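J.: The sequence shown begins at 1 in full-length UniProt numbering and counts up one residue at a time.
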Amino acid sequence: MIGVTAMVDDAYPKVMDIMRSGRIDTVQIPYNVI
Numbered sequence: 001m002i003g004v005t006a007m008v009d010d011a012y013p014k015v016m017d018i019m020r021s022g023r024i025d026t027v028q029i030p031y032n033v034i
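1. Can you tell me the Cα-Cα spacing of Gln28 and Ile34, whole angstroms?
2. Less than 8 Å between the C-beta atoms of Ile18 and Val8, yes or no?
3. Can you list, in chain order, the residues of its chain with a C-beta nearer than 8 Å to that of Thr26? Leave out the 5 residues immediately preceding and following it.
4. Alpha carbon to alpha carbon, how far is Ser21 from Ala6?
5. Per DSSP, which one or two residues make a beta bridge with Val27?
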């Protein structure tokens, strides 16, 4: 299993490109309700 992690907003566009490529299986993003 291959995944990618993004912890800053600036990285999200690149993560979305990688997701569209189909090269990864999982994505981890921060989730904070505060």
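All residues carry an ideal CB built from backbone N, CA and C; glycine is no exception. Here the structure is a predicted model, which is why all the values come from computation and not from measurement.
T.: Looking at the atomic coordinates:
1. Looking at the two C-alpha atoms, the distance is approximately 18 Å.
2. No, these two residues do not count as a Cβ contact at 8 Å.
3. Around Thr26: Met1, Ile2, Gly3 and Val4.
4. Looking at the backbone, the Cα of Ser21 and that of Ala6 are separated by about 16 Å.
5. In the DSSP output, where bridge partners are listed per residue, Val27 has Val4.
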